[in-house]
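In what follows, a structure is listed as structure tokens, so that the remarks can point back to it.
Protein chains: 2
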Amino acid sequence: MTHCHTTLQSLRQQGFRVTPQREMIVETLAHSETHLSAEEIHQRLQPRSKTLNLATVYRTLDLLVEQGYATRLVGKGGKFLYATRQHSRHLHLICRKCGRTYPADLKGLEPFIAHLKQTYGFQVEVEHLTFYGVCPNCLQST
Amino acid sequence: MTHCHTTLQSLRQQGFRVTPQREMIVETLAHSETHLSAEEIHQRLQPRSKTLNLATVYRTLDLLVEQGYATRLVGKGGKFLYATRQHSRHLHLICRKCGRTYPADLKGLEPFIAHLKQTYGFQVEVEHLTFYGVCPNCLQST
DNA sequence: AATATTATCGCAAAGTTTTGCAATAACAGA
DNA sequence: TCTGTTATTGCAAAACTTTGCGATAATATT
Ligand SMILES: [Mn+2]
Ligand SMILES: [Mn+2]
Ligand SMILES: [Zn+2]
Ligand SMILES: [Zn+2]
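Protein chains in written order, with the numbering used here: chain A, 1 to 142; chain B, 143 to 284.
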């Protein structure tokens with residue numbers, strides 16, 4: 001059973017309706033290797049559905065993020081990008097200077113996450129964490 | 143010497159021009175206890191300058207974030223909020239369900255940040271980190 | 001103080017994301 | 001399978017953010 005099917009089933013169990021639009025959007029995001037913008041998802045689905053509206057894409061992505069099935073990150077230029085949780089656990093290191101995203105390992109962070117849960121009762125989403133900073137290239141070229 | 147003065151001086155040293163608009167905006171952000179949107183900053187400055195343009199506020203905030211003097215975060219509803227680094231070091235825990243922001247202590251995270259620097263050469267901005275997840279209230283009421 | 005250079009500004013337009021509303025379709029129950 | 005309820009959709013408008021361009025003003029130089 002693929003990831004998109006489990007997501008759709010879970011949504012249905014939570015009382016949300018599974019529409020063709022949601023199916024297409026979830027599938028597209030789940031099968032993508034990279035982060036996608038709402039516009040990109042909409043374009044990729046154009047051949048399959050001429051009537052799918054961009055607002056529906058945004059609303060579905062909001063739902064997925066809200067329910068924890070996807071993550072929203074801020075790409076270069078302030079545009080939002082989305083990714084599924086399917087995407088194996090990793091850390092994003094995003095450079096403030098050049099905007100590039102570097103994947104990194106979460107190893108070593110777990111104790112701190114556990115501490116936050118104990119101290120504040122807050123359950124951190126660890127699947128797609130993002131840290132901002134300056135990358136090796138840009139550190140050098142300053 | 144207040145924080146806004148040092149920021150303006152540093153900007154000048156970096157070759158950026160210090161304009162009345164930039165002075166006002168930096169001052170407003172530095173003196174604010176809370177995170178502000180571009181629109182809020184613009185409104186607060188309306189009495190002082192009738193002609194200050196919202197686009198200038200956005201461009202100045204972009205500059206401040208790019209140069210590391212401010213942080214941009216995504217508020218509820220997808221609107222951007224800004225804060226200075228003045229704002230003492232802390233972690234933001236933002237709840238996916240209710241959108242509330244909880245401040246938390248960074249204590250215990252330093253070793254991991256150091257590890258990222260060693261392993262990837264990436265210098266994480268630790269002044270205003272944000273983790274997403276689910277807050278105690280919302281965990282309970284599920 | 002006057003001048004030259006060019007970064008920054010205001011404005012208007014474009015691009016991106018959210019929202020209100022009436023029509024539609026998903027799904028629970030008969 | 002048919003019916004009723006209401007969550008979801010498409011569309012259009014609003015809200016938010018970025019960008020191009022000519023005019024202006026900040027800084028360096030004389
Ligand atoms: Mn990723
Ligand atoms: Mn803060
Ligand atoms: Zn970089
Ligand atoms: Zn919450």
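Note that the Cβ used here is the ideal one computed from N, Cα and C, for glycine as well.
query, result
"Unbroken alpha helix (DSSP H) run spanning His92 of chain A, endpoints", "First-last for His92 of chain A: His90 to Cys95, but that is the beta strand (DSSP E), not the alpha helix (DSSP H)."
"Spatial distance of Thr170 of chain B from Gln118 of chain A (CA atoms)", "36 Å"
"Residues near Gln214 of chain B in its chain [Cβ-Cβ closer than 6 Å; skip 5 each side]", "Note that residue 214 of chain B is Arg in the sequence shown, not Gln. Around Arg214 of chain B: Val207, Phe222 and Tyr224."
"Sequence-distant residues of its chain with Cβ nearer than 8 Å to Val124 of chain A (five each side left out)", "Ile113, Leu116 and Lys117"
"Stretch pair the stretch 195-205 of chain B + the stretch 155-167 of chain B: three plus CB contacts closer than 8 Å", "yes"
"Which residues DSSP lists as bridging Ala83 of chain A, in chain order", "A:Thr71"
"Cβ shell of Leu102 of chain A (< 7 Å), same chain only, five flanking positions each side left out", "According to the sequence provided, residue 102 of chain A is Tyr. The question's Leu does not apply to it. Taken in chain order, the residues that qualify are Leu93 and Cys135."
"Beta-carbon proximity check, Glu127 of chain A vs Arg89 of chain A, cutoff 7 Å", "yes"
"Residue-chain proximity (Val266 of chain B, chain A), Cβ-Cβ < 7 Å", "yes"
"Per-residue burial, His31 of chain A [other beta carbons within 10 Å of its own, 16 or more giving buried]", "exposed"
"Contact with chain B by Ala70 of chain A, beta-carbon distance below 7 Å", "no"
"Minimum Cβ-Cβ distance from Thr161 of chain B to chain A less than 7 Å", "no"
"Interfacial residues, the stretch 241-260 of chain B to chain A, with Cβ spacing under 7 Å", "Tyr244, Ala246, Gly250, Leu251, Phe254, His257 and Leu258"
"Thr161 of chain B burial status per 10 Å Cβ neighbour count (16 or more: buried)", "exposed"
"His5 of chain A Cβ short of 6 Å to ligand 5 heavy atom set", "Ligand 5 is absent from the structure shown, which contains only ligand 1, ligand 2, ligand 3 and ligand 4."
"Rounded separation between Glu110 of chain A and Leu248 of chain B - CA only", "14 Å"
"Inter-residue Cα distance where the pair is Ser37 of chain A and Arg159 of chain B", "35 Å"
"CA-to-CA distance, Thr193 of chain B to Met143 of chain B, given in whole angstroms", "Residue placement at Met143 of chain B is flagged as unreliable, the pLDDT there being 40, under the threshold of 50; a coordinate-derived value is accordingly withheld."
"Chain A within 7 Å of Phe158 of chain B, Cβ atoms only", "no"
"Contacting residues, own chain, Cβ-Cβ under 6 Å from His184 of chain B (five flanking each side not counted)", "Leu196 and Val199"
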